[in-house]
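Undergrad: Got a structure for you, questions after.
Protein chains: 2
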Amino acid sequence: METSKVKFLERTLMGPGPSNIDPRVNAAMTRPIMGHLDPEFLKLMDENMILLRKVFKTENPLTFPISATGSGGMEAALANIIEPGDRVVILVNGVFGERMADIAKRYGAEVKVLEIEWGKVFSPDEVKNFISKHAPIKMVGIVHAETSTGALQPLEEISYIVHNYNSLFLVDTVTSLGGTEVNLDQWGIDITYSGTQKCLSCPPGLAPVSFNEKAVEAVNNRKNPIISWYFDVSMLRKYWETGERFYHHTAPITMNYALWEALKIVEEEGLEARFERHSKLSNLLQNALEALGLKLLVEKNYRAPMLTSVLIPEDISDLDIRGKLLTQYSIEIGGGLRNLKGKIWRIGLMGYTCQKKNIALLISALGQCLNDSGFKADINAALSVLNGE
Amino acid sequence: METSKVKFLERTLMGPGPSNIDPRVNAAMTRPIMGHLDPEFLKLMDENMILLRKVFKTENPLTFPISATGSGGMEAALANIIEPGDRVVILVNGVFGERMADIAKRYGAEVKVLEIEWGKVFSPDEVKNFISKHAPIKMVGIVHAETSTGALQPLEEISYIVHNYNSLFLVDTVTSLGGTEVNLDQWGIDITYSGTQKCLSCPPGLAPVSFNEKAVEAVNNRKNPIISWYFDVSMLRKYWETGERFYHHTAPITMNYALWEALKIVEEEGLEARFERHSKLSNLLQNALEALGLKLLVEKNYRAPMLTSVLIPEDISDLDIRGKLLTQYSIEIGGGLRNLKGKIWRIGLMGYTCQKKNIALLISALGQCLNDSGFKADINAALSVLNGE
Chain A
1 METSKVKFLE
11 RTLMGPGPSN
21 IDPRVNAAMT
31 RPIMGHLDPE
41 FLKLMDENMI
51 LLRKVFKTEN
61 PLTFPISATG
71 SGGMEAALAN
81 IIEPGDRVVI
91 LVNGVFGERM
101 ADIAKRYGAE
111 VKVLEIEWGK
121 VFSPDEVKNF
131 ISKHAPIKMV
141 GIVHAETSTG
151 ALQPLEEISY
161 IVHNYNSLFL
171 VDTVTSLGGT
181 EVNLDQWGID
191 ITYSGTQKCL
201 SCPPGLAPVS
211 FNEKAVEAVN
221 NRKNPIISWY
231 FDVSMLRKYW
241 ETGERFYHHT
251 APITMNYALW
261 EALKIVEEEG
271 LEARFERHSK
281 LSNLLQNALE
291 ALGLKLLVEK
301 NYRAPMLTSV
311 LIPEDISDLD
321 IRGKLLTQYS
331 IEIGGGLRNL
341 KGKIWRIGLM
351 GYTCQKKNIA
361 LLISALGQCL
371 NDSGFKADIN
381 AALSVLNGE
Chain B
1 METSKVKFLE
11 RTLMGPGPSN
21 IDPRVNAAMT
31 RPIMGHLDPE
41 FLKLMDENMI
51 LLRKVFKTEN
61 PLTFPISATG
71 SGGMEAALAN
81 IIEPGDRVVI
91 LVNGVFGERM
101 ADIAKRYGAE
111 VKVLEIEWGK
121 VFSPDEVKNF
131 ISKHAPIKMV
141 GIVHAETSTG
151 ALQPLEEISY
161 IVHNYNSLFL
171 VDTVTSLGGT
181 EVNLDQWGID
191 ITYSGTQKCL
201 SCPPGLAPVS
211 FNEKAVEAVN
221 NRKNPIISWY
231 FDVSMLRKYW
241 ETGERFYHHT
251 APITMNYALW
261 EALKIVEEEG
271 LEARFERHSK
281 LSNLLQNALE
291 ALGLKLLVEK
301 NYRAPMLTSV
311 LIPEDISDLD
321 IRGKLLTQYS
331 IEIGGGLRNL
341 KGKIWRIGLM
351 GYTCQKKNIA
361 LLISALGQCL
371 NDSGFKADIN
381 AALSVLNGE
């Protein structure tokens, strides 16, 4: 097989991530590489920690990017908290809750899974009932914005319940961070992990994490050493947090430049303005999709503003439509995963991708592709929703 | 603390890595981001696998970059092979051998460590004696170019011994790959991991690995599931190798672009020409350092061509000299680690950094800094070594 056949195509990335990135972030990656112990790079690490704390709305000193993608962040969070034999509860309403349960089992936890229909969110009562049946529990894990369904889970009441049972509260904020309110300190989230390639609009490759004092205490009080060396925060914090700058591994330099620039952009826009943009434009997208004649998976009150799941109409081919969007319009949207495969499309409006022009493009292109397949999409009605705004 | 204080300085990176990168690699990272399941990105993944096989000199289908830095590659290699209770031998002559032993223990191995003086290499006889004492052994691990000392370990005879005892042979090629011969198939290396930020001259962030048929068989025959989810090659190969393209995690897109371009550059130069360049220029560097009046840590026959360890002369301050090189000449060199801290400097000539002009700059700058500190460095003699070539 010959190489050199790759075309680097400009895509409108409206799937579940990665999202498009600001040209400033692109440019940031071309800055000259410094060493991972260079005083200027250490300053940049400090600034990334400061900027991440603002986005997470936390004072947690231990807030930094793990040198891996979002799922590496998930493993880092679980691997540091869980010891063999610990009983934990994982709340599953999609693929990423399932993955959490899988990883927790691998690290030796006794995992109690409460699973509900994918696309739904958990009510405080069902969580309370489940926890009370299994208490005492070391940790309860849940996904904020479930990337496989686009459901946004309210967290405050559940956090209250979890802490009443004296458990640690771990939340997956991979898809939500930077696109909707994530308030670690006010909501009492003890451990979280995220990714860079969703609403932060930075390329994939880093996983911001944050551990509060209680979580750090749990790490410090472990009876067994952490199995994973790469994800061991008791060592990582000596490089990132404590000022010792003790060499652990060579940090991905350019990825940290990209994250720095992406976080500056978030800061300049302002968090609340950014949330408002995601909220307003996702409403527009959802209204336009419904005006096309499509139905959405998630109930209105629980839709994540950065990711909308659309039910694929009967007699319409998932792959055919997604293929046409990609080859004819260079638009990427996501398919369904696992039991939602072939049943939904996942349409992302994340960070830099979250622009009105992208909604207009998607609606026109999707409407046209659907009509070519015999579905009667009302493109006029859908576009007039956009014009009304 | 305010942010925005970072200066992105142009450094001549002559430490143990990261190295400087070719402007083409810098440009490659600015290509538009595609999704991790985009057909064009899948082609790029295929090409990265093909190009990596060429650099590793192997036909192993399971040859791909782990989405983490070199130490993540080390963990991936060990985590997949080792099951709790397995007896393994780790040969330690520096920090990275020690790290291998640490990780192997974390994953439950019974680790037998043969440690020799740092800066030396292992003789086949001492390895044979040690293995015979502890056989049967599942795996023997060794470092090819020990980044903490600059010693280059001959591997062929040791590989023969290891296989006579029916063990798997795992080799760390983080620093050697792309700078000197690494021949997986001919040398019988069963598992290896590397990094991108050394002689491949790509930013840090990926860890190329390769598992041969015997290694894959060991993974397939495990009695216990692999503990790490992120590094589980039984799942990763469904995304990378088998053509299923089964989603595992979101690959770091831009890092894979960078690796692709870096591997193209290696291919265009030609592996043998690249090895010759590293060999010739490192000889020049070593001769020039000796002409300055400095002594080298590693015996002549076992010096890694991409990394030279210099003994710090008596009464000379490690930090003072390295600080001056950085602030006055924007040159990074490395200090010693652990028991070599304050005793050696590590001077890298890796990939794109391996140019005669960089040697001239380093020799002039280091000579001048040493003379300022009262050491009588013979700069004239050292530079005439360079001019003689």
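As you go down the protein sequences, you meet chains A and B in turn. Heads up: the first sequence runs through residues 1 to 389, numbered per UniProt numbering. Heads up: the second sequence runs through residues 1 to 389, numbered per UniProt numbering. Cβ coordinates follow ideal geometry from the N, Cα and C atoms, glycine included.
Please report the Cβ distance between L263/A and L52/A, rounded to the nearest whole angstrom; I am assuming they are in contact, meaning their Cβ atoms lie under 8 angstroms.
TA: Contact flag correct, Cβ pair sits at about 7 angstroms.
Undergrad: Looking at the C-beta of Y160/A, does it have a partner C-beta in chain B at a distance below 7 angstroms?
TA: Taking Cβ atoms only, chain B never reaches closer than 7 angstroms to Y160/A, which makes this a no.
Undergrad: Please report the distance separating the alpha-carbon of N283/B from that of K356/B.
TA: Taking the straight line joining both Cα atoms gives about 11 angstroms.
Undergrad: Please list, in chain order, all residues of the same chain as Y239/B whose beta carbon is under 6 angstroms from its beta carbon, the five residues on each side excluded.
TA: Answer for Y239/B: F246 and H248, listed in chain order.
Undergrad: Could you check what DSSP says for E75/B in three-state terms: helix, strand or coil?
TA: Correct three-state label for E75/B: helix.
Undergrad: Quick one: Cα of E2/B to Cα of K43/A, how far?
TA: Low local confidence applies: a pLDDT of 48 at E2/B is under 50, so the model's placement there is unreliable, with the coordinate-based value given in what follows. Roughly 11 angstroms separates the two Cα atoms.
Undergrad: Tell me the DSSP secondary structure of K120/B in three-state form.
TA: Three-state result, K120/B: strand.
Undergrad: Using DSSP's beta-bridge definition, name the partner residues of residue 390/B.
TA: Residue 390/B cannot be examined here, being either before or after the span of chain B that is shown, 1 to 389.
Undergrad: Give a yes or no on whether 7 angstroms exceeds the smallest Cβ distance from F8/B to chain A.
TA: So, interface residue.
Undergrad: By the DSSP assignment, the alpha helix (DSSP H) with S279/A in it spans what residues?
TA: Here the alpha helix (DSSP H) through S279/A covers L271 to L292.
Undergrad: Just to confirm the assignment: which complete alpha helix (DSSP H) runs, minimum length 4, are found wholly within the stretch 49-110 of chain B?
TA: For the stretch 49-110 of chain B, whole alpha helix (DSSP H) runs of length 4 or above, ordered along the chain, are 70-81 and 95-106.
Undergrad: To the nearest angstrom, report how far apart L170/B and E117/B are at their CA atoms.
TA: Roughly 21 angstroms between the two C-alpha positions.
Undergrad: Measuring alpha carbon to alpha carbon, tell me which of L292/A, D315/A, V140/A and D185/A ends up nearest K54/A.
TA: Taking only the C-alpha atoms, the option nearest K54/A is D185/A.
Undergrad: Please report the straight-line C-alpha distance between A109/A and D86/A, rounded to a whole angstrom.
TA: Going from the Cα of A109/A to the Cα of D86/A covers about 5 angstroms.
Undergrad: Using DSSP's beta-bridge definition, name the partner residues of E146/B.
TA: In the DSSP output, where bridge partners are listed per residue, E146/B has A151/B.
Undergrad: Specify the secondary structure class of E299/A as computed by DSSP and reduced to three states.
TA: Three-state result, E299/A: coil.
Undergrad: Thinking C-beta only, is L297/A closer than 7 angstroms to L311/A?
TA: The answer is yes: Cβ separation under 7 angstroms.
Undergrad: What in chain A is Cβ-close to P84/B, meaning under 9 angstroms?
TA: In chain order: nothing, as chain A lies at least about 10 angstroms away.
Undergrad: Can you tell me which of M34/B, E157/B and S210/B puts its alpha carbon nearest to the alpha carbon of residue 441/A?
TA: Residue numbering for chain A in the displayed model covers 1 to 389; residue 441/A lies beyond these limits and cannot be assessed.
Undergrad: Entirely within the stretch 198-253 of chain A and at least 4 residues each: give me those alpha helix (DSSP H) ranges in chain order.
TA: Fully enclosed alpha helix (DSSP H) runs of 4 or longer: 213-220 and 233-240.
Undergrad: Which residues in the same chain have their Cβ closer than 6 angstroms to the Cβ of M255/B, if we skip the five residues on either side of it in sequence?
TA: So the qualifying residues of the chain are G205 and L206.
Undergrad: What residue range does the alpha helix (DSSP H) around L184/B cover?
TA: Residues L184 to W187.
Undergrad: Please tell me whether M255/B has its Cβ less than 7 angstroms away from any Cβ of chain A.
TA: Closer than 7 angstroms: yes.
Undergrad: Looking at C-beta atoms only, is the number of pairs between the stretch 156-171 of chain B and the stretch 126-138 of chain B that lie closer than 8 angstroms three or more?
TA: At 8 angstroms Cβ cutoff, the stretches touch.
Undergrad: Taking the beta strand (DSSP E) that I316/A belongs to, which residues open and close that run?
TA: Careful: I316/A lies outside any beta strand (DSSP E) and carries neither H nor E.
Undergrad: What residues in the stretch 189-223 of chain B bring their beta carbon closer than 8 angstroms to a beta carbon of chain A?
TA: Listed in sequence order: G195, Q197, P203, P204 and G205.
Undergrad: Please state whether DSSP places residue 392/A in a helix, a strand or coil.
TA: Outside the displayed range of chain A (1 to 389) lies residue 392/A, so it cannot be described from this structure.
Undergrad: Shorter than 7 angstroms from the beta carbon of K5/A to some beta carbon of chain B?
TA: Yes, contact with chain B.
Undergrad: Rounded to a whole number of angstroms, what is the C-alpha to C-alpha distance between E156/A and V182/A?
TA: Approximately 11 angstroms, taken between the alpha carbons.
Undergrad: Could you tell me whether the stretch 75-83 of chain A touches the stretch 219-238 of chain A, using the rule of 3 or more Cβ pairs below 8 angstroms?
TA: Short answer: they touch.
Undergrad: Inspect the beta-carbon positions of A145/A and P203/A and report whether they are closer than 7 angstroms.
TA: Going by C-beta atoms, A145/A is not nearer than 7 angstroms to P203/A.
Undergrad: When the Cα atoms are used, what is the spatial distance from A101/A to I226/B?
TA: Whole-angstrom Cα-Cα distance: 15 angstroms.
Undergrad: Which partner residues of G335/B appear in the DSSP bridge assignment?
TA: Beta-bridge pairing links G335/B to W345/B.
Undergrad: Below 8 angstroms on the Cβ atoms is my contact criterion, and I expect I90/A with V111/A to pass it. Report the Cβ-Cβ distance as a whole number of Å.
TA: Contact flag correct, Cβ pair sits at about 6 angstroms.
Undergrad: State the DSSP-derived secondary structure class of S37/B, mapped to helix, strand or coil.
TA: Note on identity: in this sequence residue 37/B is Leu, with Ser being the wrong assignment. Coil, per DSSP.
Undergrad: Determine, using beta-carbon pairs with one atom in the stretch 193-203 of chain A and one in the stretch 63-72 of chain A, whether at least three such pairs fall under 8 angstroms.
TA: The stretch 193-203 of chain A vs the stretch 63-72 of chain A: in contact.
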